[in-house]
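Numbering (the numbering used here), first residue to last: 8 to 526.
Listed below in structure tokens is the structure:
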């Protein structure tokens, strides 16, 4: 264990005693689900007392959620307040682009759970059941994109066409009336977005984040273009996160009560045990789904992604659309059977993702001269993206692109069917996906494509038009609460026209879907 600088500021989540009697940090993630997450909430009065006591002890209280309190303070404040010592170590991690390296992690010797401080024996014993030290997570201004000499996709047209979203748009489904939130590195008002007139809300800052007008990394700005290409009329909000508090940023997104949350980041967890901060994030995800929010997460780029492997999210994988229109599994995207959640496989369904070594595939807008703009500029593809280091454009993808693409499709489905749940959305996406039978996912995770569902691409490449039309059909045929049981199609759906429940255009689109007609 290395020495810790006492003045270093650490971010954490303090859990006030849960009303269900069981600590959030002693629960297995499978016990923290939408139907049980309320047991891990805390009494308001006790939470208020904890906030007051934390502030009096020198902690900066960044955010208060139903399950935890986001805090920050120098190491010495933690050690004094909780009567413990903080230790530091270098731990193997998988960062962006599947790069295996190490990162700084912090622990307390008072417990065996990684990252957990036990407040027993401190003045906080009566109000707190545990404090979880956060670990970092990783990212899985010309308005026109620059020309480059290799096969790639341009936005919005190529992404929309590749996911068959154009036909859903022509049927009137563009995401209008739906609020979609991304939790990511931030959002920059690039001329590309301004010229297209998207409905963009002010950036919301997560705990520890600053400078709402900038996206110093570029990941959030670029990947958001995928969602807007598929669902151009959504009301879009970016929650800018500090990567030392992903759960806090996610909680801030949940507090906005959107229809959809998209997350293109995570940590690499192959076997467990889970850290205490993973349980904090699991509780936030479960609470979002309990509220009826559809949560879409990246499966990873060679990572065993979390929260992507959480059973209550839609996990995004990758499919490579080749120049001749054929499809193969992306060897840049993850595909695996979770050992943390037995029976859970990742991905559920896939979006459009590039190939190794860097997934340089979709030309996306970023803030000029930021990390991504400069980091991949110049050179020769596929090692570099052949753009200028100051032009505000970069070619990248990964399941970080697939997640907002799927979130965009969910927005179209939600517009078509206001009663749509996360389970409905996942089932419809899987049922209508295009089977991908060639290739394999990232070699670190395994997964070979074949006929039918597989670990490489899940159910295959999402089809926005078919998914939206099926969601719409279920809205007019199935009564609320019917769920996603296989639909028995009426012998003559035209009878629905007489009741006014289906327009002629919708009926024709459904017929086209059934017959596989392309116009």
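Note that beta-carbon positions come from the ideal geometry of N, C-alpha and C, so glycine has one too. What you are looking at is a predicted structure, and each value in this text was computed from that prediction instead of being measured.
Between residue i and the rest of its own chain, which residues show a CB-CB distance below 6 Å, the 5 nearest in sequence each way excluded?
i, result
"residue 47", "25, 31, 74 and 290"
"residue 118", "125"
"residue 171", "470, 471 and 472"
"residue 158", "330"
"residue 363", "338 and 339"
"residue 466", "356, 437, 440 and 460"
"residue 510", "none"
Please go through the same chain and pick out, in chain order, the residues whose beta-carbon is closer than 7 Å to the beta-carbon of residue i, but skip the five residues on each side of it.
i, result
"residue 27", "46 and 47"
"residue 427", "420, 421 and 478"
"residue 128", "90"
"residue 13", "81, 82 and 83"
"residue 320", "292, 302, 303, 304 and 314"
"residue 64", "84 and 88"
"residue 41", "293, 296, 297 and 319"
"residue 414", "187, 234, 267, 269 and 303"
"residue 457", "444"
"residue 351", "316, 318 and 345"
"residue 432", "301, 321, 417 and 420"
"residue 5", "Because the chain spans 8 through 526 in this model, residue 5 falls outside it and cannot be assessed."
"residue 4", "Only positions 8 to 526 of the chain appear in the structure, and residue 4 is not among them; the question remains open."
Looking at the secondary structure, which residues open and close the alpha helix (DSSP H) in which residue i lies?
i, result
"residue 176", "172 to 177"
"residue 89", "82 to 89"
"residue 62", "51 to 63"
"residue 198", "198 to 203"
"residue 166", "164 to 169"
"residue 226", "226 to 237"
"residue 253", "253 to 262"
Which residues does DSSP list as the beta-bridge partners of residue i?
i, result
"residue 403", "369"
"residue 297", "For residue 297, which the question treats as bridged, DSSP gives no partner whatsoever."
"residue 3", "One cannot answer for residue 3 here, as it falls past the ends of the chain, which runs 8 to 526."
"residue 109", "99"
"residue 191", "247"
"residue 70", "77"
"residue 468", "357 and 441"
"residue 207", "243"
"residue 275", "312"
"residue 212", "247"
"residue 394", "According to DSSP, residue 394 bridges with nothing at all."
Can you tell me whether DSSP reads residue i as helix, strand or coil?
i, result
"residue 462", "coil"
"residue 288", "helix"
"residue 510", "coil"
"residue 242", "strand"
"residue 75", "coil"
"residue 432", "helix"
"residue 380", "helix"
"residue 473", "helix"
"residue 131", "coil"
"residue 186", "strand"
"residue 353", "strand"
"residue 302", "strand"
"residue 283", "helix"
"residue 311", "coil"
"residue 26", "coil"
"residue 416", "helix"
"residue 498", "Model confidence at residue 498 stands at a pLDDT of 49, short of 50, so the residue's coordinates are unreliable; what they give is reported in the following sentence. Three-state DSSP puts residue 498 in coil, outside helix and strand."
"residue 47", "helix"
Which residues in the same chain as residue i place their Cβ atom closer than 8 Å to its Cβ, once the five residues preceding and following it in sequence are excluded?
i, result
"residue 224", "146, 192, 193, 377, 378 and 379"
"residue 265", "186, 187, 188, 244 and 300"
"residue 155", "370, 388, 392, 393, 394 and 402"
"residue 262", "72"
Which residues bound the beta strand (DSSP E) around residue i?
i, result
"residue 138", "135 to 140"
"residue 348", "First-last for residue 348: undefined, no H or E at that position."
"residue 327", "321 to 328"
"residue 336", "334 to 336"
"residue 23", "16 to 23"
"residue 359", "356 to 359"
"residue 267", "267 to 270"
Is residue i near the ligand GTP, with its Cβ less than 6 Å from a heavy atom?
i, result
"residue 88", "Because no ligand of any kind appears in the structure shown, any question about the ligand GTP cannot be addressed here."
#### Entry: Segment contact, 8 Å Cβ cut-off, at least three pairs: the stretch 15 to 27 with the stretch 44 to 56
Taking 8 Å as the limit for Cβ pairs, the verdict is that the stretch 44 to 56 does touch the stretch 15 to 27.
### Query
On the three-pair Cβ rule with 8 Å, is the stretch 243 to 254 touching the stretch 371 to 388?
Contact fails: fewer than three Cβ-Cβ distances are below 8 Å.
### Query
Is it a yes or a no for the stretch 129 to 138 touching the stretch 93 to 113, going by three-plus beta-carbon pairs under 8 Å?
With a cut-off of 8 Å, the stretch 93 to 113 and the stretch 129 to 138 do not count as touching, because too few Cβ pairs lie within range.
### Given 8 Å, three or more beta-carbon pairs between the stretch 367 to 374 and the stretch 392 to 412
Yes, the stretch 367 to 374 touches the stretch 392 to 412.
### Message
So, does the stretch 191 to 207 touch the stretch 229 to 236, judging by three or more C-beta pairs under 8 Å?
### Response
In this structure the stretch 191 to 207 lies against the stretch 229 to 236, because at least three pairs of beta carbons, one per stretch, are closer than 8 Å.
### Message
Pairs of beta-carbons, one from the stretch 442 to 462 and one from the stretch 331 to 348, closer than 8 Å: are there three or more?
### Response
Yes, they touch.
### Message
Would the stretch 210 to 220 count as touching the stretch 266 to 283 if we require 3 or more Cβ pairs under 8 Å?
### Response
These segments do not touch.
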